[in-house]
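Colleague: Numbering-wise (the working numbering), the sequence shown opens with residue 85 and increments by one.
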Amino acid sequence: MKVALASDHGGTNLRKEIADLLNELNIEFEDFGCDCGGSVDYPDYALPVAQKVAGGEFDRGILICGTGIGMSIAANKVKGIRCALVHDTFSAKATRGHNDSNMLTMGERVIGAGLAREIATIWLQGEFEGGRHENRINKMSEYELKQ
Ligand code: RB5
85 MKVALASDHG GTNLRKEIAD LLNELNIEFE DFGCDCGGSV DYPDYALPVA
135 QKVAGGEFDR GILICGTGIG MSIAANKVKG IRCALVHDTF SAKATRGHND
185 SNMLTMGERV IGAGLAREIA TIWLQGEFEG GRHENRINKM SEYELKQ
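1) Measuring straight from C-alpha to C-alpha, what distance separates Gly150 and Tyr126?
2) Does DSSP classify Ile195 as helix, strand or coil?
3) Drop a sphere of 10 angstroms on the beta-carbon of Asn222, count the other beta-carbons inside from all chains shown, and report buried for 16 or more, exposed for fewer.
4) In whole angstroms, give me the CA-to-CA distance for Ala204 and Tyr227.
5) Going by DSSP, what residue range makes up the alpha helix (DSSP H) through Glu108?
6) Rounded to the nearest angstrom, what separates Ala176 and Leu147 at their Cα positions?
7) State whether the segment 125 to 139 contacts the segment 154 to 170, with contact taken as three or more CB pairs (one from each stretch) at a distance under 8 angstroms.
8) Using three-state DSSP, classify Met85 as helix, strand or coil.
9) Please classify Asn186 as buried or exposed, where buried requires at least 16 other C-beta atoms within 10 Å of its C-beta.
10) Give the range of the alpha helix (DSSP H) segment to which Arg241 is assigned.
11) If you follow the alpha helix (DSSP H) that Asp184 is in, where does it begin and where does it stop?
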């Protein structure tokens, strides 16, 4: 699995924690910043990373901002992206099993590093359950194709 990772200025510290975690889990990844001293705009990081995941260059993407919300909204604008904003371990498992989410966002100002690491680990290791969930995803993909 190859993961694309990025954050805005509001998520830099947590992004570094997640980079450490990916190294510990021996998961290949590329860190797309930000290398920012000051304030940046989250779409400038979310959109290119989402395009790389949608295009198949990366299997999954993880984005961090202050709340996780802006990154999630932006990533979900890209066709083929199912980006889940997650701040609890139950949803981390469920969104892989039910939504086959290919991107994860979290908010550095919302949760601590320990919980974020647990969420990311569960999400990275979670398997899509298929079946009735696949039908639901297909409905969204068909809708996207008509846009
Ligand atoms: C930046 O201040 C903040 O708005 C951003 O990190 C994020 O929380 C947006 O949704």
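Positions of the beta carbon are idealized from the N, C-alpha and C atoms, including for glycine.
Modeller: Per the coordinate set shown:
1) 10 angstroms
2) coil
3) exposed
4) 29 angstroms
5) 96 to 108
6) 14 angstroms
7) yes
8) coil
9) buried
10) A question about residue 241 goes unanswered here, because the residues of the chain that appear run from 85 up to 231.
11) Per DSSP, Asp184 belongs to no alpha helix (DSSP H) and is neither H nor E.
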